[in-house]
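Working notes, structure below.
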Amino acid sequence: MKVTLLRKLPVATDICMFELGPADGAALPPFAAGAHIDVHLGGLVRQYSLCNSPSEAGVYRLGVQRERESRGGSVAMHACEPGTTLEIGEPRNHFPLDPHAAHSVLLAGGIGITPLLSMALHLAETGRSFELHYCAREPARAAFVDRLDTPPLNARTRLWFDDAPAGQRIDFAQVLGKPDAHTHLYVCGPAGFIAAVLGAAAQAGWDPANVHREYFGAARVGAARVGAARVGAAGVGAAGVGATGVGAAGAGAAGAGAAGESETSAAATADGPFQVSLAQSGRVVDVPAGTTIVEALRGCGIEVPVSCEQGVCGTCLTRVLSGTPDHRDVYLTDDERAANDQMLPCCSRALTPMLVLDL
Numbered sequence: 082m083k084v085t086l087l088r089k090l091p092v093a094t095d096i097c098m099f100e101l102g103p104a105d106g107a108a109l110p111p112f113a114a115g116a117h118i119d120v121h122l123g124g125l126v127r128q129y130s131l132c133n134s135p136s137e138a139g140v141y142r143l144g145v146q147r148e149r150e151s152r153g154g155s156v157a158m159h160a161c162e163p164g165t166t167l168e169i170g171e172p173r174n175h176f177p178l179d180p181h182a183a184h185s186v187l188l189a190g191g192i193g194i195t196p197l198l199s200m201a202l203h204l205a206e207t208g209r210s211f212e213l214h215y216c217a218r219e220p221a222r223a224a225f226v227d228r229l230d231t232p233p234l235n236a237r238t239r240l241w242f243d244d245a246p247a248g249q250r251i252d253f254a255q256v257l258g259k260p261d262a263h264t265h266l267y268v269c270g271p272a273g274f275i276a277a278v279l280g281a282a283a284q285a286g287w288d289p290a291n292v293h294r295e296y297f298g299a300a301r302v303g304a305a306r307v308g309a310a311r312v313g314a315a316g317v318g319a320a321g322v323g324a325t326g327v328g329a330a331g332a333g334a335a336g337a338g339a340a341g342e343s344e345t346s347a348a349a350t351a352d353g354p355f356q357v358s359l360a361q362s363g364r365v366v367d368v369p370a371g372t373t374i375v376e377a378l379r380g381c382g383i384e385v386p387v388s389c390e391q392g393v394c395g396t397c398l399t400r401v402l403s404g405t406p407d408h409r410d411v412y413l414t415d416d417e418r419a420a421n422d423q424m425l426p427c428c429s430r431a432l433t434p435m436l437v438l439d440l
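According to the numbering used here, the residues represented by the sequence shown are 82 to 440, in order.
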């Protein structure tokens, strides 16, 4: 659907708020807190979380961080000015609030504040119990602080900064030290931030069913796999929040899982070459070392729908008919990885000499 950029407002260093309205006067589809939309930007498709309250009918608000190492999405978005017409998809939500939680703990790292801001607004408006902890490298990099500093959010929000004196930085063990069967944890940010939070939650004894996360950028370190995740809103990419124990983006995520005990051939080492057979055409494509499946297929004129190309968004999710994939994404859950019947070919590889894909 087409929307018009109504407002563009700087809200932190390298971060702008974009307010979108319908281009044709028709009502925008409703959304739930935690949802994201696809934004089409000159051949690119990027996912951005909606950061306004679901009760605000008629507008979608996004927070987009301009990435120094952007693959084009954030740069193209920041080049847009009010009046620009954009093509977007309808809201989707892989990161919903649990409707039965008696209390919600929201932990945001960097630009990961965007879906959690929407959650906080919704929880406040509906009279539900919550607390919001927002971590950033320094005050200038904290987005939407004016909104967080005003009622009804200010009484339930705590800001944490890397440049604060020792002893005034966030202590995840303290924040998460008292898990409760009716309390749910929501964490969003870069992989290193999430790894630190999940580690603290596990040590504190949180029920994994009560822990929800959304990655804004994947750690791409060898064949490492980040722990169980169902994610959306990829492509925004958050800067790591530094040395508070939170970790830089991607740090601490490596080594979270080892290769499974499936039958693995020496011919398919972690980063070595392998082949992909396309079931729908019978064609076999070589995937060299250092090349992703998507890149190899693209080189043969075969296009697979992609967006983030980091294993975050799930756009390229593909059925595996034979062979064992080497999962390197942060989209699939542990159970989905163990089943080995689907994979994200934008980043994952093979543990067997050949994969047969439903392509």
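The beta carbon of each residue, even a glycine, is placed where N, CA and C say it ideally should be.
Quick caveat, the model's predicted, so the values are computed rather than measured.
Contact between the segment 117-126 and the segment 155-165 is defined here as three or more beta-carbon pairs at a separation below 8 Å; is this criterion met?
yes
Cα-Cα separation between residue 418 and residue 106, rounded to whole angstroms = Along the sequence shown, read from residue 1 onward, the residue named residue 418 stands at position 337. Along the sequence shown, read from residue 1 onward, the residue named residue 106 stands at position 25. In a straight line, the C-alpha of residue 418 is about 43 Å away from that of residue 106.
Helix, strand or coil for residue 181 per DSSP? Stepping through the sequence shown from its first residue, residue 181 is reached at position 100. Coil, per DSSP.
Discussion item. Using 8 Å for Cβ pairs, my map puts residue 113 next to residue 174. What's the rounded Cβ distance?
Written reply: Working through the sequence shown from its first residue, we reach residue 113 at position 32. Working through the sequence shown from its first residue, we reach residue 174 at position 93. Residue 113 to residue 174, Cβ: 5 Å. Contact.
Please say whether residue 274 and residue 190 have beta carbons closer to each other than 8 Å? Here residue 190 refers to the residue found at position 109 of the sequence shown. Here residue 274 refers to the residue found at position 193 of the sequence shown. Yes; because the gap between Cβ atoms is below 8 Å, this pair is in contact.
query: If you pair each beta-carbon of the segment 200-211 with each one of the segment 240-258, do three or more pairs fall below 8 Å?
result: No: the two stretches stay apart, fewer than three of their Cβ pairs being nearer than 8 Å.
**Nonlocal neighbours in the same chain, by C-beta distance under 6 Å from residue 269, ignoring five residues either side** = Numbered from 1 along the sequence shown, position 188 holds the residue referred to as residue 269. So the list reads 189, 193, 196, 197, 295, once near-sequence residues are dropped.
Exercise for review: Could you tell me if the beta carbon of residue 410 falls within a distance shorter than 7 Å of some heavy atom in the ligand HEM?
Suggested key: Among the ligands in the structure shown, none appear at all, so the ligand HEM cannot be discussed.
In the DSSP assignment, find the beta strand (DSSP E) that holds residue 405 and state where it starts and stops.
-> What you label residue 405 is simply residue 324 of the sequence shown in a count that begins at 1. Counting along the chain, residue 405 falls outside any beta strand (DSSP E), and DSSP gives it neither H nor E.
Quick one: using the 10 Å Cβ neighbour count with 16 as the cut-off for buried, is residue 375 buried or exposed? Position 294 of the sequence shown, counted from the first residue, corresponds to residue 375. Buried, by the Cβ-count rule.
query = Excluding sequence positions up to five away, which residues of its chain have a Cβ less than 8 Å from the Cβ of residue 284?
reply = In the sequence shown, counting from the first residue as 1, residue 284 sits at position 203. Closer than 8 Å at Cβ, skipping near neighbours: 254.
Start and end residues, alpha helix (DSSP H) containing residue 195 = In the sequence shown, counting from the first residue as 1, residue 195 sits at position 114. Taken as a continuous stretch (DSSP letters only), the alpha helix (DSSP H) holding residue 195 covers 194-206.
Buried versus exposed, by CB contacts within 10 Å (16 or more), residue 293: For the purposes of this step, residue 293 is taken as the residue at position 212 of the sequence shown. So residue 293 counts as buried.
Exercise. From residue 200 to residue 134, what does the alpha carbon distance come to, in whole angstroms?
Worked result: The residue you call residue 200 lines up with position 119 of the sequence shown. The residue you call residue 134 lines up with position 53 of the sequence shown. Rounded to the nearest angstrom, the two C-alpha atoms are 7 Å apart.
Taking 8 Å as the threshold (C-beta atoms), are residue 89 and residue 104 in contact? Sequence index remark: in the sequence shown, residue 104 carries index 23 (1-based). Sequence index remark: in the sequence shown, residue 89 carries index 8 (1-based). No, these two residues do not count as a Cβ contact at 8 Å.
Excluding sequence positions up to five away, which residues of its chain have a Cβ less than 7 Å from the Cβ of residue 347?
Along the sequence shown, one-based indexing puts residue 347 at 266. Summary for residue 347: the model assigns pLDDT 39, below 50, so the residue's position carries little reliability; its value from the coordinates is reported in the next sentence. The answer is none, since no qualifying residue turns up.
Requested in this report: Specify whether the segment 130-149 and the segment 212-219 touch according to this definition: at least 3 beta carbon pairs, one from each stretch, less than 8 Å apart.
Outcome: no
Notebook entry, point to check: To which residues of the same chain is residue 156 closer than 8 Å at the C-beta, ignoring the five residues directly before and after it?
Noted result: As a position in the sequence shown, residue 156 is number 75, starting the count at 1. Sequence-distant partners of residue 156 (beyond 5 residues in either direction) whose C-beta falls short of 8 Å from its own C-beta, in its chain, are 147, 148.
Task: Separation of residue 291 from residue 264, as counted between CA atoms - done: Here residue 264 corresponds to residue number 183 of the sequence shown, with the count starting at 1. Here residue 291 corresponds to residue number 210 of the sequence shown, with the count starting at 1. Whole-angstrom Cα-Cα distance: 7 Å.
query = With 16 other CB atoms within 10 Å as the buried threshold, where does residue 420 fall?
reply = In the sequence shown, the residue the question calls residue 420 occupies position 339. With fewer than 16 Cβ atoms within 10 Å of its Cβ, residue 420 is classed as exposed.
Exercise for the section: Starting from the C-beta of residue 325, find all residues in its chain whose C-beta is less than 6 Å away, skip the five residues before and the five after it, and write them out in chain order. Expected result: The sequence position of residue 325 within the sequence shown is 244, counting from 1. Any answer about residue 325 is weak, because its pLDDT of 36 lies below 50 and its placement is not dependable; what the coordinates show is given next. Cβ neighbours of residue 325 beyond the five flanking positions: 243, 250, 251.
Local conformation of residue 168 per DSSP, three classes | For the purposes of this step, residue 168 is identified with residue 87 of the sequence shown, where counting begins at 1. Note: residue 168 maps to strand in three-state DSSP.
Three-way DSSP call (helix, strand, coil) for residue 134 in this model = Reading the sequence shown from its first residue, position 53 is the one you call residue 134. In this structure, residue 134 counts as coil in the three-state DSSP scheme.
Check your understanding: Mind checking whether residue 368 and residue 392 have CB atoms under 8 Å apart?
Key -> Position 287 of the sequence shown, counting from 1, holds the residue named residue 368. Position 311 of the sequence shown, counting from 1, holds the residue named residue 392. No; because the gap between Cβ atoms is not below 8 Å, this pair is not in contact.
* **Burial state of residue 404, where buried means 16 or more other Cβ atoms lie within 10 Å** => The count along the sequence shown starts at 1 and reaches residue 404 at position 323. Answer is buried; the Cβ neighbour count reaches 16.
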